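Q: One structure, pasted below without further comment.
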Amino acid sequence: LLCGITLKQVFAELAGRVSGAVHGKGGSMHMYNAKQHFYGGCAIVGGQIPLGTGIAFAYKYRDEKRVSFCLYGDGASNQGQLYESLNMAKLWHLPCVFICENNGYGMGTSVERSSASTEYYTRGDYVPGLWVNAMDVLAVRQATKWVGEYCRAGNGPVVLEMATYRYFGHSMSDPGTSYRTREEIQKVRKLRDPITSFREKILSANLATEEELKNVEKQVRKEVEKALADALQDPEPPLELLYTDVYKETPDLVLRGTSADVVVPVPNNLTVDILKAQ
-1 LLCGITLKQV
9 FAELAGRVSG
19 AVHGKGGSMH
29 MYNAKQHFYG
39 GCAIVGGQIP
49 LGTGIAFAYK
59 YRDEKRVSFC
69 LYGDGASNQG
79 QLYESLNMAK
89 LWHLPCVFIC
99 ENNGYGMGTS
109 VERSSASTEY
119 YTRGDYVPGL
129 WVNAMDVLAV
139 RQATKWVGEY
149 CRAGNGPVVL
159 EMATYRYFGH
169 SMSDPGTSYR
179 TREEIQKVRK
189 LRDPITSFRE
199 KILSANLATE
209 EELKNVEKQV
219 RKEVEKALAD
229 ALQDPEPPLE
239 LLYTDVYKET
249 PDLVLRGTSA
259 DVVVPVPNNL
269 TVDILKAQ
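Mind the numbering: the sequence shown is residues -1 to 276 in our numbering, read in order.
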């Protein structure tokens, strides 16, 4: 949302609707908005890490004062491509922030059972790292601002470990309670929930009243419900989009017909061109 994708576009993309961020073709794994420098994720665990490093290389090569924020989870922290990327980022002094979102659990196991060292901010070795309590909204804001300025000043890459918690399962197929207790989840909600604690800070600092916060929550709920309803009313993408936007400059395809001497040309049309023609 901060990168320019609207709430409706997010819902539409998740529901496979043509009005989605990438016309319903990306789903949850491939949200994308290049105009706002948001290059999405990757369905391969840790696959986005070298891509984020490459974007940082492009920023430096073009002499742009930008920083690449490359996010991954604790479950991807043991992937070899992370260490390859850290090495190249340090070697080339790239403006890249490697953010490890450590929520304590991978798809079905705890970090203690999968990592010999759970201090992920130290994994960069020769790349400096910071540990942040990601359940504190203000701490996240301050840390993110600081590392951005650090990299933009030409100091090279940095690792940022965001220590947070996942209340639910990794996916719809994961109940989230086979590797931890319900009591643990309830305890974290009660003592560490970032929304509850930030709300308390707002009230204690007299920045807003209880009634004002309730009105904000009601308005947000209305906006979310409307965005979801509007997204679900939109159609699915037409079948013609199946062959579009595979690569940046995809050459025209030629498909074999019923025999070797019969070919069917498939012109390389862009998604936007097809949608405009309909």
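All C-beta atoms, glycine included, are put in the ideal place defined by N, C-alpha and C.
Remember, predicted model here, so these are calculated numbers, not experimental data.
1. Check Asn42 in the structure and name its three-state DSSP category.
2. Let me check understanding here. Comparing Cα to Cα, which of Cys94, Val130, Glu182 and Lys199 lies closest to Cys149?
3. Can you tell me whether Gly73 is buried or exposed, with buried defined as 16 or more other CB within 10 angstroms of its CB?
4. Just checking my contact of Pro265 with Val252 at CB under 8 Å: how many whole Å lie between their CB atoms?
5. Gln77 to Lys274, Cα distance in whole Å?
6. Consult DSSP for Val270 and reduce its assignment to one of helix, strand or coil.
7. Report all residues from its chain with a CB closer than 7 Å to the CB of Leu268; omit the five preceding and five following residues, and keep chain order.
8. Among Gly44, Ser83 and Leu5, which one has its Cα closest to the Cα of Val156?
9. Starting from Gly71, follow the beta strand (DSSP E) in both directions and report where the run begins and ends.
10. Here's the rule I'm using: 16 or more other beta-carbon atoms within 10 Å means buried, otherwise exposed. How should Phe166 be labelled?
11. Do you know whose CA, among Tyr119, Gln140, Gly104 and Trp90, lies nearest Phe96's CA?
A: According to the structure data:
1. The question names Asn, but residue 42 in the sequence shown is Ile. Residue state, collapsed to three classes: coil.
2. For the residues Cys94, Val130, Glu182 and Lys199, the minimum Cα distance to Cys149 belongs to Cys94.
3. buried
4. Rounded, the Cβ-Cβ distance is 10 Å, inconsistent with contact.
5. 42 Å
6. Taken through DSSP and simplified to helix, strand or coil, Val270 comes out as helix.
7. Thr242 and Asp243
8. Val156 has its Cα closest to that of Ser83, out of Gly44, Ser83 and Leu5.
9. Ser66 to Gly71
10. Phe166 should be labelled exposed.
11. Comparing alpha-carbon positions, the option among Tyr119, Gln140, Gly104 and Trp90 lying closest to Phe96 turns out to be Tyr119.
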